[in-house]
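Asks: Below are the structure tokens for one structure; questions will follow.
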Amino acid sequence: MEKLGERNYTLLSQALKTTGTCNPDECLFVVEEQLYVNEIEAIEQFLRWCHENDKPFGSGNYEERFQEFKSSNKDKLQLFAKEVGFKVVTLKELHRTECDEVFMPPDILLTGHDDVVEVWDYAKDLSWVDTASGEIKTTEETLVLVR
Numbered sequence: 003m004e005k006l007g008e009r010n011y012t013l014l015s016q017a018l019k020t021t022g023t024c025n026p027d028e029c030l031f032v033v034e035e036q037l038y039v040n041e042i043e044a045i046e047q048f049l050r051w052c053h054e055n056d057k058p059f060g061s062g063n064y065e066e067r068f069q070e071f072k073s074s075n076k077d078k079l080q081l082f083a084k085e086v087g088f089k090v091v092t093l094k095e096l097h098r099t100e101c102d103e104v105f106m107p108p109d110i111l112l113t114g115h116d117d118v119v120e121v122w123d124y125a126k127d128l129s130w131v132d133t134a135s136g137e138i139k140t141t142e143e144t145l146v147l148v149r
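Letter by letter, the sequence shown follows residues 3 to 149 in my numbering.
Dropping the structure here:
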């Protein structure tokens, strides 16, 4: 999911006004049947991030806040990569990067890391995985791990 979108913002705004919180456990039920099934997980993660980090959003900044959320997931991947001795690059940058190995889902799952679930969650956060089909999808901006 690249952008939150006006439709989703309008639905979330309705939920937040009704419940008074952006905690997805308390507000998502108001509009969850109106959300597209392939976007629910990303929206829930976004709301949870806003709630846990005290990051309000409104009609003037919802797209900026969503991009900040997506950026924070990239930062988490950068930290994870550093812990396990990898570097994060985009597919576009890959041809200019000297490396022996390139990992991205599902390859990351096959490398034997203890934190497989966490890596797969990052992959979903970074839109590597189409949540509706479970298939891997990439663009030239897709982030991969290299070493």
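Yeah, the Cβ is synthetic: ideal placement off N, Cα and C, and Gly gets one too. It should be emphasised that the depicted structure is a prediction, and the values quoted were computed from it without experimental measurement.
Which first and last residues belong to the beta strand (DSSP E) in which T20 is found?
Replies: As a working note, residue 20 is residue 18 in the sequence shown. Segment E8 to T21 is the alpha helix (DSSP H) holding T20; no beta strand (DSSP E) there.
Asks: Can at least three beta-carbon pairs, one atom from the region 60-69 and one from the region 81-89, be found at a separation below 8 Å?
Replies: The region 60-69 vs the region 81-89: no contact.
Asks: Please report the distance separating the alpha-carbon of G22 from that of R98.
Replies: Position 20 of the sequence shown, counted from the first residue, corresponds to residue 22. Position 96 of the sequence shown, counted from the first residue, corresponds to residue 98. Going by the C-alpha atoms only, they are around 48 Å apart.
Asks: Are V33 and L6 touching if we call contact CB-CB under 8 Å?
Replies: Along the sequence shown, one-based indexing puts residue 33 at 31. Along the sequence shown, one-based indexing puts residue 6 at 4. No, Cβ-Cβ distance for V33 and L6 is not below 8 Å.
Asks: Taking Cβ to Cβ, would you say R50 is nearer than 8 Å to P26?
Replies: As a first step, residue 50 must be located in the sequence shown, where it is residue number 48. As a first step, residue 26 must be located in the sequence shown, where it is residue number 24. Yes, they are a contact pair.
Asks: Between the C-alpha atoms of F68 and V146, what's the straight-line distance to the nearest angstrom?
Replies: Within the sequence shown, numbered from 1, the residue matching residue 68 stands at position 66. Within the sequence shown, numbered from 1, the residue matching residue 146 stands at position 144. Their backbone Cα atoms lie some 21 Å apart in a straight line.
Asks: Helix or strand or just coil, what does DSSP make of V32?
Replies: Within the sequence shown, residue 32 is the residue found at index 30, counting from 1. Looking at V32 - three-state DSSP - the assignment turns out to be helix.
Asks: I want to check one thing, is the minimum distance from the CB of F68 to the heavy atoms of the ligand NAP below 7 Å?
Replies: The ligand NAP is not part of this structure, which contains no ligands at all.
Asks: On the criterion of 16 or more Cβ atoms from any shown chain inside 10 Å, does F31 qualify as buried, or is it exposed?
Replies: The sequence position of residue 31 within the sequence shown is 29, counting from 1. It counts as exposed.
Asks: Would you mind working out which of E70, R149 and C52 sits nearest L18, comparing C-alpha positions?
Replies: For the purposes of this step, residue 18 is taken as residue 16 along the sequence shown, with counting starting at 1. Out of E70, R149 and C52, C52 has the C-alpha closest to the C-alpha of L18.
Asks: Run through DSSP, which three-state label would K89 get?
Replies: One-based indexing of the sequence shown puts residue 89 at position 87. It is a strand residue.
Asks: Write down the C-beta distance between R149 and E103 rounded to the nearest angstrom, noting that I regard them as a contact closer than 8 Å.
Replies: On the sequence shown, position 147 is the one that residue 149 refers to. On the sequence shown, position 101 is the one that residue 103 refers to. With 8 Å as the limit, R149 and E103 qualify as a contact, their Cβ atoms being about 5 Å apart.
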